[in-house]
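Using UniProt numbering, the letters of the sequence shown map in sequence onto residues 1 to 538. Note that the Cβ used here is the ideal one computed from N, Cα and C, for glycine as well. Structure, as structure tokens:
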Amino acid sequence: MSRSLGDHSDLLLTNLFKRKFSSVFGVNDRNAARCMSTCLDSDPSVSIKPKVANITFSTVTSATGLPTIAAEPNKPRSSSHRKQDVQSAGNSNERSKADIVDVELASTVGGQRNCVQRVESLPSGAVLRVTTSDGAVFDVAQLQTDRNFRYISGWSLPIFELSARYPTSLLSRLSYTIFHNTDLFRIFKISPVKFFNFFHSLESGYWDIPYHNSVHASDVLHACYYLTVHPVSLAFGAATSPDSPLPPPLPTALPLSHHFSNLELMALFTAAAMHDYDHPGRTNAFLVAVEDKKAILYNDRSVLENHHAAASWKLLSQQNNHFIENLDAAELKRFRYLVLEYILATDLKQHFEIIVSFTEKTNEMEMNNESDRLLVAKLIIKMADINSPTKPYDLHRKWTERICEEFYEQGDEEVKRGMPITCYMDRNDPGVAKLQDSFICHVVSPMATAMREAGLLPILPGLEEPEMIINLRHNHTKWLYELEQLEGQQNSSGHGSDRSGLNNGVIEEEEESNKTESSLDTLQSDVQKCRTKDDEYI
1 MSRSLGDHSD LLLTNLFKRK FSSVFGVNDR NAARCMSTCL DSDPSVSIKP KVANITFSTV
61 TSATGLPTIA AEPNKPRSSS HRKQDVQSAG NSNERSKADI VDVELASTVG GQRNCVQRVE
121 SLPSGAVLRV TTSDGAVFDV AQLQTDRNFR YISGWSLPIF ELSARYPTSL LSRLSYTIFH
181 NTDLFRIFKI SPVKFFNFFH SLESGYWDIP YHNSVHASDV LHACYYLTVH PVSLAFGAAT
241 SPDSPLPPPL PTALPLSHHF SNLELMALFT AAAMHDYDHP GRTNAFLVAV EDKKAILYND
301 RSVLENHHAA ASWKLLSQQN NHFIENLDAA ELKRFRYLVL EYILATDLKQ HFEIIVSFTE
361 KTNEMEMNNE SDRLLVAKLI IKMADINSPT KPYDLHRKWT ERICEEFYEQ GDEEVKRGMP
421 ITCYMDRNDP GVAKLQDSFI CHVVSPMATA MREAGLLPIL PGLEEPEMII NLRHNHTKWL
481 YELEQLEGQQ NSSGHGSDRS GLNNGVIEEE EESNKTESSL DTLQSDVQKC RTKDDEYI
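Following this line, the structure appears as structure tokens:
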């Protein structure tokens, strides 16, 4: 080999000492070259995967019975602490051999799959049509220039307009666009056919129900994308020693995708698309109460979340859908661990536990720590899952109508079964404003506040605070005003009002009563400014 020790000193020392080869080979140019040719691929700029198998840990328990996590793979594309070196070394306009992708033609003749073709990237103007195993057709070149997704970087993505335009393929199209924008196809050599086979099968597995459908999955995926690609100024990880005379450095605004490894990013996007797969439109409590077979299978614990994870992973494991086929064993183990962790974190029973864990260790968190990045990613997918109150009011209202209708359908079934009707699920006594007030105060606001204080929410240029917070405040004020109007009507009709339990335990700043139309006008101007800046930034 012609490489010198100086060119790869850090890389060599890492591999020598990690694998205890130094005692065998010694540390000198000639022996180091022998070690490098034995342990590493011939081109470190493309891959530095050791040929010795990576040591990974159980995703459940160790040999001692203690819970462990899968170790981060020793590969630049999947390791956050080696990601930046590879990115800086790879800033070339030349196409690498990683740009050559295998495209399997999904059309069949006599039940046999056609031969595999090799296509070097996608030349300008080229048309590449992919037909999935279930017959859906996707024009890859058209997807890369689809102006319907031009607002994908904005928080106010017109998700319902897109779902009307692509009623059976929105999730697949959005997933492709996000993977393409973040370069995941090239990095992990993803087959477009297997990618579309999986995501379209996944999309088809979402039920046609009011809320927990493929549109919601698309919305959560988009929210994860938004929260990871916009610059944020983290309020942790930059502290100095207490004895240092220097002030802590100012946070540098970087997107979270800069801190996450590519594998973590792909796992987050995949989990977002999978997180409510095969949702029946009923709550965990309902499934447990009726002794549903899924509740029995998962011992009444995170029933739906376990089902979403298991069923969607089974779908991904099918050969025609296995778009992660080019991951090595360590990467696959880590990817599966992350996807399962992200999906299971969406159980609202874990909501406050995750928030408390985050707030208790915020000051000590470091984004070069795997467990800390895992916690941040859980916050992202959880915030994405409950993002409706942080959207502009018109979008928030539509999502509210959808979740309420799904609740009412469960209430109808509870009536048929002779069960007590769950609170807020009686269509004859809706209480929509109370529901949203409680949901915002008890669930959304604590998480949004924790993320804002940690610097995890993007602030667009020209705004003084995240537009998510502006929208949340505005929407909450609207619901409080609606509550007051309803109470006024009840008082005038002699029925009185009962707000017992309402805002129980809510932060004082969220408890202001007597909201007036003037306060709505003030907030409306803030929202309009937010939307204007959003459009300018896009």
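Residues bridged to residue i (per DSSP)
i, result
"S328", "Sequence check: residue 328 is Asp here, not Ser. D328 is not bridged to any residue."
"V130", "F138"
"L254", "V232"
Sequence-distant residues of its chain with Cβ nearer than 6 Å to residue i (five each side left out)
i, result
"N387", "A223"
"L157", "Y151 and H222"
"Y370", "Residue identity differs from the one stated: residue 370 is Glu in this sequence, not Tyr. Counting only Cβ-Cβ distances below 6 Å, and skipping sequence neighbours, we find E72."
"D385", "V220 and T346"
"D139", "R129"
"S218", "L170, L171 and L174"
"S163", "L170 and V215"
"H476", "I440"
Cβ-based burial, residue i [other Cβ within 10 Å; buried from 16]
i, result
"P167", "exposed"
"Q436", "buried"
"N284", "buried"
"N321", "buried"
"S175", "buried"
"S191", "buried"
"D372", "buried"
"K478", "buried"
"G110", "Residue placement at G110 is poorly supported in this model, since its pLDDT is 33, which falls under 50; the coordinates are not used for a value here."
"V137", "exposed"
"R334", "buried"
"V220", "buried"
"S169", "buried"
"P458", "buried"
"L297", "exposed"
"E406", "buried"
"R336", "buried"
"S493", "exposed"
"K378", "buried"
"R402", "buried"
"E305", "buried"
Proximity of residue i and residue j at Cβ, strictly below 8 Å
i, j, result
"I178", "F260", "no"
"L202", "S79", "no"
"residue 545", "L184", "The requested residue 545 does not occur in the structure, where the chain is confined to residues 1 to 538."
"E341", "L374", "yes"
"A454", "T362", "yes"
"I324", "L332", "yes"
"Q144", "H180", "yes"
"V444", "T390", "yes"
"R452", "I469", "yes"
"L263", "I380", "no"
"L287", "V303", "yes"
"M383", "A448", "yes"
"P210", "P231", "no"
"I440", "L395", "no"
"V376", "L456", "yes"
"A289", "M419", "yes"
"D276", "H212", "yes"
"D278", "H307", "yes"
Close-in-space but distant-in-sequence residues of the same chain around residue i (CB under 7 Å, 5 per side omitted)
i, result
"R282", "Q410"
"E161", "none"
"P446", "I355"
"A450", "I355, F358 and T359"
"I187", "R77 and N262"
"N299", "none"
Neighbour flag for residue i against chain D, beta carbons, 8 Å
i, result
"K434", "This model lacks chain D altogether, as it is built from one protein chain only."
The ligand GDP heavy atom lying under 7 Å from the CB of residue i
i, result
"V432", "Summarising the ligand content, the structure contains no ligands, and the ligand GDP is consequently not present."
Residues of its chain near residue i, where Cβ-Cβ distance is below 8 Å and the 5 sequence neighbours each way are ignored
i, result
"R165", "N148"
"V339", "A267, T270, A271, M274, A309 and W313"
"T252", "S233"
"R427", "Y408, G411 and D412"
"K194", "E104, N320, N321, H322, F323 and E325"
| field | Stretch-stretch touch, CB-based, cutoff 8 Å, three pairs: the stretch 189–204 with the stretch 314–322 | value | At 8 Å Cβ cutoff, the stretches touch.
| request: Specify whether the stretch 430–445 and the stretch 354–372 touch according to this definition: at least 3 beta carbon pairs, one from each stretch, less than 8 Å apart. | output: The stretch 430–445 and the stretch 354–372 do not touch, with fewer than 3 CB-CB distances between them shorter than 8 Å.
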